[in-house]
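What follows is a set of notes on a single structure, which appears directly below.
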Amino acid sequence: MEHKQNETFSSDFLWGAATSSFQVEGAQNEGGKGLSVIDVMKKNPKITDFSVAIDHYHRYKEDVKLMADLGLKVYRFSIAWTRIFPKGNGEVNEEGVAFYNDLINELVSYNIEPLITIYHFDYPQDLVEQYGGWMSRKSIEDYRAYAEFLFKTFGDRVKYWLTINEQDHVVRIPSRLGLTGDDRYEQMRLGYQANHNMCVATALTIKTFHELGMKGKIGPAVSYSMVHPASAHPDDHLASKDAMLIKHNYLLDLHCRGEYSKPFQTYLADRNYMPQIEDGDLDLMKQYPPTMIGVNYYFSETVTSFPATEEFPIGYQKEALLAEAEAGVFQVVKNDRLQATDWGWEIDPVGLRLTLRELNERYQLPIIITENGMGAYDELDEGDMVHDDYRIAYLNEHIKQVQLALNDGVDVFGYCAWTFIDVVSGRNGMDKRYGFVYVDRENFDLKEMRRIKKKSYYWYQSMIESNGKRLT
Ligand code: BG6
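With this note's numbering applied, the sequence shown covers 137 to 608.
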């Protein structure tokens with residue numbers, strides 16, 4: 137729908153940018169930090185590891201100054217659980233607490249609102265060894281107690297909290313759960329148990345948040361994006377609806393409604409994935425839903441139906457990690473109407489508006505965009521500049537759609553670009569860059585890690601300064 141008049145961004149709209157601890161901090165074995173599942177992950181020889189990352193642990197002051205010059209109103213970062221509790225539970229590591237106190241104080245001194253992700257993929261390895269990690273119900277209390285410690289320690293300066301980053305991905309990527317082995321069915325089954333336990337842990341954490349009288353908002357950061365039907369064929373439409381359910385909605389249905397919807401129950405039962413649910417779990421979720429939703433949005437997907445056959449029986453998945461096809465449900469296909477990034481992620485700004493509307497219609501909660509950005513092979517030219525016009529175009533078009541979603545009545549109160557500064561990409565090392573600030577390190581050559589403002593830095597700076605009026 138087009139509108140005659142456009143809403144403007146409110147004067148307190150939170151313009152921001154994001155990172156995560158293991159992708160920026162480095163100092164993997166410093167400051168008393170314990171090991172996370174990321175630290176022990178089998179190294180992919182094609183990409184760098186995360187042990188030094190971009191050395192933010194030592195350079196955070198320089199980085200925060202760059203954020204302040206950029207005009208950020210909010211900075212989303214995550215706390216490395218194993219810097220606070222090296223073993224995931226038990227003794228507190230005061231050096232880790234001091235690091236985050238310093239970082240938060242630095243942000244606050246520039247009037248930058250800290251938005252904390254409590255846990256962003258780097259789960260304590262020790263908890264996997266102690267009791268199997270998220271697959272055990274013991275994980276519930278350890279997560280809650282860790283979050284409570286953060287609320288009590290940093291809550292005087294932090295208003296916005298994200299509980300778990302992309303739980304839907306954690307569930308489907310075995311290494312993020314600390315799982316080994318090749319039995320994909322078993323991994324999925326365990327993944328859904330982990331998913332359930334994480335939902336209970338989230339609800340209990342939100343309960344604690346309220347009991348402590350914390351001011352502000354709390355909720356998950358979900359990877360959520362529209363799934364389009366590839367054609368007008370009703371089977372494709374059904375496939376897109378089912379894909380939305382099993383990729384995205386199942387999770388928010390649990391967080392926000394304490395509900396395993398009937399079609400999702402059937403999906404789990406058919407595959408033997410149904411987790412153990414204890415009495416009271418679903419009521420707890422119903423009673424303590426999130427007070428905001430964080431959305432990570434990069435691309436949309438387009439699907440056709442994918443009937444199960446003898447060759448592809450129900451439960452068959454085409455891709456081992458993030459499902460690109462599930463027999464009996466859907467198959468992702470190329471959308472010829474959309475351009476894609478160098479990694480094949482289809483660029484769909486209107487998909488963001490649709491995503492926001494879908495979330496609003498289903499859950500009616502305030503929304504903050506916690507990740508949105510374009511990964512690219514950036515090049516530093518001889519004049520020390522990265523001319524990342526493609527990134528500016530990507531962000532510009534997506535932010536325009538956020539504005540249109542405001543017209544549609546969606547309560548979006550902030551936008552965090554991914555990322556503030558080049559980080560080590562989860563799967564593509566330093567090849568795939570996202571930041572407004574270039575870091576001159578390569579995969580295997582750390583160089584000096586100089587910080588260099590890209591063209592997009594200046595564009596975002598003027599966009600923030602004009603409160604969104606300078607969108608082109
Ligand atoms: C999200 C994660 O999945 O996507 C980030 O929360 C990640 O940690 C981002 O970096 C982009 O993914 P990638 O693989 O391009 O780094």
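Note that CB positions come from ideal geometry on N, CA and C, so glycine has one too.
field: Contact test: K568 Cβ vs the ligand GDP heavy atom, cutoff 7 Å
entry: Among the ligands modelled here, namely the ligand BG6, the ligand GDP does not occur.
Length of the line joining the Cα atoms of V559 and R407: Taking the first residue of the sequence shown as position 1, residue 559 is located at position 423. Taking the first residue of the sequence shown as position 1, residue 407 is located at position 271. Their Cα atoms are separated by approximately 37 Å.
task: In angstroms with no decimal places, state the Cα-to-Cα distance between K583 and E515.
output: Looking up residue 583 in the sequence shown gives position 447. Looking up residue 515 in the sequence shown gives position 379. Here the C-alpha atom of K583 lies approximately 15 Å from the C-alpha atom of E515.
- request: Check whether the Cβ of Q159 sits closer than 7 Å to any heavy atom of the ligand BG6, and report yes or no.
  value: Taking the first residue of the sequence shown as 1, we reach residue 159 at position 23. Indeed, a heavy atom of the ligand BG6 lies less than 7 Å from the Cβ.
field: C-alpha gap between V188 and M585, whole angstroms
entry: In the sequence shown, residue 188 corresponds to position 52, counting from 1. In the sequence shown, residue 585 corresponds to position 449, counting from 1. When rounded, the distance between both Cα atoms is 10 Å.
The ligand BG6 heavy atom lying under 7 Å from the CB of N301: Stepping through the sequence shown from its first residue, residue 301 is reached at position 165. At a threshold of 7 Å, N301 counts as near the ligand BG6, since its beta carbon sits closer than that to one of the ligand's heavy atoms.
Minimum length 3: unbroken beta strand (DSSP E) runs contained in the segment 432-466: If we require 3 residues or more, the beta strand (DSSP E) runs fully inside the segment 432-466 come out as 437-440.
- prompt: Considering only residues of the segment 531-593, which uninterrupted beta strand (DSSP E) runs meet the minimum length of 3 residues and lie entirely inside it, listed in chain order?
  reply: Taking only runs of at least 3 residues, the beta strand (DSSP E) segments lying wholly in the segment 531-593 are 548-554, 573-575 and 587-589.
- prompt: So, do the segment 331-341 and the segment 408-424 have three or more beta carbon pairs nearer to each other than 8 Å?
  reply: Enough Cβ pairs lie closer than 8 Å, so yes.
message: Going by beta-carbon coordinates alone, are F572 and P502 separated by less than 8 Å?
response: Within the sequence shown, numbered from 1, the residue matching residue 572 stands at position 436. Within the sequence shown, numbered from 1, the residue matching residue 502 stands at position 366. It is not a contact, given that the beta carbons lie outside the stated cut-off.
- prompt: DSSP state of I600, grouped into three classes?
  reply: Walking along the sequence shown from the start, residue 600 turns up at place 464. For I600, the three-state secondary structure derived from DSSP is helix.
message: Just to confirm, is the Cβ distance from Y433 to S361 under 8 Å?
response: As a working mapping, residue 433 is identified with position 297 in the sequence shown. As a working mapping, residue 361 is identified with position 225 in the sequence shown. Closer than 8 Å, so yes.
- request: Provide the residue(s) that pair with W151 in DSSP beta bridges, ordered along the chain.
  value: The sequence position of residue 151 within the sequence shown is 15, counting from 1. For W151, the beta-bridge partners assigned by DSSP are Y551.
query: Going by the C-beta, is N564 closer than 7 Å to any heavy atom of the ligand BG6?
result: As a position in the sequence shown, residue 564 is number 428, starting the count at 1. Under cutoff, so the answer is yes.
- request: Measure the Cβ-Cβ separation of K588 and D544 and say whether it is below 8 Å.
  value: To locate residue 588, count along the sequence shown from 1; it is residue 452. To locate residue 544, count along the sequence shown from 1; it is residue 408. Inspection of the sequence shows that residue 588 is occupied by Ile rather than by Lys. With contacts defined by Cβ atoms closer than 8 Å, I588 and D544 do not form a contacting pair.
- request: Kindly give me the distance between the Cβ atoms of G152 and Y551, rounded to whole angstroms, as I take these residues to be in contact under 8 Å.
  value: By one-based count along the sequence shown, residue 152 stands at place 16. By one-based count along the sequence shown, residue 551 stands at place 415. Right, their Cβ atoms sit about 7 Å apart.
Among Q597, D415 and V468, nearest to A375 - alpha-carbon criterion: Reading the sequence shown from its first residue, position 239 is the one you call residue 375. Out of Q597, D415 and V468, V468 has the C-alpha closest to the C-alpha of A375.
message: Quick check on the DSSP output: the alpha helix (DSSP H) that includes N333 runs from which residue to which?
response: The count along the sequence shown starts at 1 and reaches residue 333 at position 197. According to the DSSP assignment, N333 belongs to the alpha helix (DSSP H) that extends over R320 to E347.
task: Locate the alpha helix (DSSP H) running through E265, then write down its first and last residues.
output: Residue 265 sits at position 129 when you count from the first residue of the sequence shown. That run of the alpha helix (DSSP H) goes Q261 to Y267.
task: Throw me the rounded Cβ distance for the Y452 and G509 pair, which I believe falls under 8 Å.
output: Reading the sequence shown from its first residue, position 316 is the one you call residue 452. Reading the sequence shown from its first residue, position 373 is the one you call residue 509. Not a contact, Cβ separation roughly 33 Å.
- prompt: Going by the beta-carbon positions, is the gap between G327 and V358 smaller than 8 Å?
  reply: In the sequence shown, counting from the first residue as 1, residue 327 sits at position 191. In the sequence shown, counting from the first residue as 1, residue 358 sits at position 222. Cβ distance not < 8 Å, so G327 and V358 don't count as in contact.
message: Check for me: the beta strand (DSSP E) holding W297 runs from which residue to which?
response: Numbered from its first residue, the sequence shown carries residue 297 at position 161. W297 -> beta strand (DSSP E) spans Y296 to N301.
query: Mind pulling the beta strand (DSSP E) runs of 3 or more residues that sit fully within the segment 198-282?
result: Complete beta strand (DSSP E) runs here, min 3: 210-214 and 249-255.
message: Does K178 come out as helix, strand or coil in the three-state DSSP assignment?
response: Indexing the sequence shown from 1 puts residue 178 at position 42. Looking at K178 - three-state DSSP - the assignment turns out to be coil, as it is neither helix nor strand.
message: Per DSSP, what are the beta-bridge partners of G355 in this structure?
response: On the sequence shown, position 219 is the one that residue 355 refers to. Secondary-structure assignment with DSSP links G355 through a beta bridge to L298.
message: Using CA atoms only, rank isn't needed, just tell me which of S441, T341, K295 and E166 is closest to K609.
response: What is shown of the chain runs 137 to 608, which leaves residue 609 out entirely.
- prompt: Roughly how many angstroms separate the alpha carbons of K197 and L239, rounded to a whole number?
  reply: For the purposes of this step, residue 197 is identified with residue 61 of the sequence shown, where counting begins at 1. For the purposes of this step, residue 239 is identified with residue 103 of the sequence shown, where counting begins at 1. As the crow flies, the alpha-carbon of K197 is around 8 Å from that of L239.
Pairwise C-alpha distance: V439 and E447: Along the sequence shown, one-based indexing puts residue 447 at 311. Along the sequence shown, one-based indexing puts residue 439 at 303. Approximately 20 Å between the Cα atoms of the pair.
query: Relative to the alpha-carbon of L390, which residue among D567, W595 and Q303 has its alpha-carbon at the smallest distance?
result: For the purposes of this step, residue 390 is identified with residue 254 of the sequence shown, where counting begins at 1. Here the closest residue by C-alpha is Q303.
field: Endpoints, beta strand (DSSP E) assigned at P365
entry: Position 229 of the sequence shown holds residue 365. It spans V363 to P365 - the beta strand (DSSP E) in which P365 sits, taken as one unbroken run.
query: Within 7 Å: the Cβ of S156 and any heavy atom of the ligand BG6?
result: Here residue 156 corresponds to residue number 20 of the sequence shown, with the count starting at 1. Relative to the ligand BG6, the nearest heavy atom lies less than 7 Å away from the CB of S156.
message: If you reduce the DSSP assignment to three classes, tell me which class S397 lands in.
response: Indexing the sequence shown from 1 puts residue 397 at position 261. DSSP places S397 outside both helix and strand once states are collapsed to three, so it counts as coil.
message: Run through the DSSP bridge pairs and tell me what I483 is partnered with.
response: To locate residue 483, count along the sequence shown from 1; it is residue 347. I483 is not bridged to any residue.
message: What would DSSP say about V136, mapped onto helix, strand or coil?
response: The displayed coordinates of the chain run from 137 to 608. Any statement about residue 136 would go beyond what the structure contains.
message: Under DSSP, the beta strand (DSSP E) around I382 begins and ends at which residues?
response: Start at 1 with the first residue of the sequence shown, and residue 382 comes out as number 246. Taken as a continuous stretch (DSSP letters only), I382 belongs to no beta strand (DSSP E), as it is neither H nor E.
query: Does the ligand BG6 have a heavy atom nearer than 7 Å to the CB of E460?
result: As a first step, residue 460 is located in the sequence shown; it is residue number 324 there, counting from the start. Because no heavy atom of the ligand BG6 lies under 7 Å away, the Cβ of E460 does not count as near it: no.
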